[in-house]
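**Q**
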Ligand SMILES: [Zn+2]
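Residue numbers (the working numbering): 138 to 202.
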């Protein structure tokens with residue numbers, strides 16, 4: 138299965154899952170019921186959750202490690 142997409146989830150072999158957003162704490166439109174879901178075939182996460190956090194005005198990167 139090298140170089141091909143998984144026939145189950147359709148994701149490319151080395152790409153991330155489908156990107157879904159949490160917009161300032163609120164799941165955006167199209168957000169899955171189960172963002173932890175994995176493909177039953179290739180066992181990769183189907184979703185790549187990106188949290189958008191709006192910084193307070195002013196300077197400073199907020200480290201949240
Ligand atoms: Zn798959």
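Where is the CB? At the ideal position from N, CA and C, for every residue including glycine.
Any heavy atom of ligand 1 closer than 7 Å to the beta-carbon of residue 143?
**A** As a position in the chain shown, residue 143 is number 6, starting the count at 1. True, at least one ligand heavy atom lies under 7 Å from that Cβ.
**Q** Between the beta-carbon of residue 185 and the beta-carbon of residue 143, is there less than 8 Å?
**A** Taking the chain shown and counting its residues from 1, the one referred to as residue 185 is at position 48. Taking the chain shown and counting its residues from 1, the one referred to as residue 143 is at position 6. Not closer than 8 Å, so no.
**Q** Return helix, strand or coil for residue 142, following the three-state DSSP convention.
**A** As a first step, residue 142 is located in the chain shown; it is residue number 5 there, counting from the start. If DSSP states are grouped into helix, strand and coil, residue 142 belongs with coil.
**Q** So what does DSSP say about residue 160, is it helix, strand or coil?
**A** Counting from one through the chain shown, the residue named residue 160 turns up at place 23. Strand, per DSSP.
**Q** How many angstroms separate the CA atom of residue 192 from the CA atom of residue 161?
**A** Here residue 192 refers to the residue found at position 55 when the chain shown is read from its first residue. Here residue 161 refers to the residue found at position 24 when the chain shown is read from its first residue. Going from the Cα of residue 192 to the Cα of residue 161 covers about 10 Å.
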